[in-house]
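Visitor: In our numbering, the protein residues as written are 3 to 173.
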């Protein structure tokens with residue numbers, strides 16, 4: 003019998019063996035080449051997915067921070083006004099404190115000046131008394147040395163009074 007394609011058992015066995023070899027070769031290549039390539043693609047896919055998730059979280063955080071900063075910017079004028087108001091109050095308190103201290107210092111200076119003037123006046127009065135005593139002793143010396151009659155004595159008293167001055171006797 004003649005064969006149509008000239009198929010014999012040897013050819014069929016070789017074909018089956020070739021198919022089995024190709025299948026095992028496919029399995030070996032799949033294990034050695036395709037699985038690492040799939041693993042690499044899966045790792046890359048997961049990395050990209052993680053980066054996208056991280057980018058999404060970053061975007062959400064940025065949006066939240068932006069909203070928070072915008073809220074802060076809205077409130078910054080009010081906060082600035084509060085700070086300025088507080089600074090004004092402190093400045094006014096410091097001003098009143100400085101003014102009261104200056105008034106107290108001025109009062110102390112005036113009191114000290116008044117006391118120094120009083121002491122100076124007392125010193126001048128003491129000097130005047132000493133001067134009067136020395137003039138009186140001079141006058142007594144003149145009276146004793148001269149023969150004194152009433153006219154000479156009156157004249158000496160008048161001269162002494164004119165030397166001392168009338169304002170001395172009035173103060």
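Cβ atoms here follow ideal geometry from the backbone N, Cα and C, with glycine treated the same way.
1) Can you round the beta-carbon distance between residue 158 and residue 134 to whole angstroms, since I take them to be within the 8 Å contact cut?
2) Please list the terminal residues of the continuous alpha helix (DSSP H) segment that includes residue 16.
3) Considering only the beta carbon of each residue, do residue 118 and residue 137 sit closer than 8 Å?
4) Quick check: the Cα distance between residue 24 and residue 50, rounded to an integer number of angstroms?
5) The alpha helix (DSSP H) with residue 158 in it runs from where to where?
6) Less than 7 Å between C-beta atoms, sequence neighbours within five positions excluded: which residues of the same chain meet that for residue 123?
7) Please name the residue in 162, 154, 72, 128 whose C-alpha comes closest to that of residue 139.
8) May I have the straight-line CA-CA distance separating residue 72 from residue 78, to the nearest angstrom?
9) State the Cα-Cα distance for the pair residue 61 and residue 46, rounded to the nearest angstrom.
Guide: In short, the structure shows the following:
1) Taking the chain shown and counting its residues from 1, the one referred to as residue 158 is at position 156. Taking the chain shown and counting its residues from 1, the one referred to as residue 134 is at position 132. Incorrect: roughly 15 Å between the Cβ atoms, too far for contact.
2) Numbered from 1 along the chain shown, position 14 holds the residue referred to as residue 16. Residue 16 -> alpha helix (DSSP H) spans 11-31.
3) If you number the chain shown from 1, residue 118 lands on position 116. If you number the chain shown from 1, residue 137 lands on position 135. Taking 8 Å as the Cβ cut-off, residue 118 and residue 137 do not qualify as a contacting pair.
4) Within the chain shown, residue 24 is the residue found at index 22, counting from 1. Within the chain shown, residue 50 is the residue found at index 48, counting from 1. When rounded, the distance between both Cα atoms is 35 Å.
5) Looking up residue 158 in the chain shown gives position 156. Unbroken alpha helix (DSSP H) run through residue 158: 152-166.
6) On the chain shown, position 121 is the one that residue 123 refers to. Correct list: empty, nothing qualifies.
7) As a working note, residue 139 is residue 137 in the chain shown. Among 162, 154, 72, 128, the Cα nearest to that of residue 139 belongs to 162.
8) In the chain shown, counting from the first residue as 1, residue 72 sits at position 70. In the chain shown, counting from the first residue as 1, residue 78 sits at position 76. For residue 72 and residue 78, the distance between alpha carbons rounds to 10 Å.
9) The residue you call residue 61 lines up with position 59 of the chain shown. The residue you call residue 46 lines up with position 44 of the chain shown. Cα to Cα, the separation comes out at about 22 Å.
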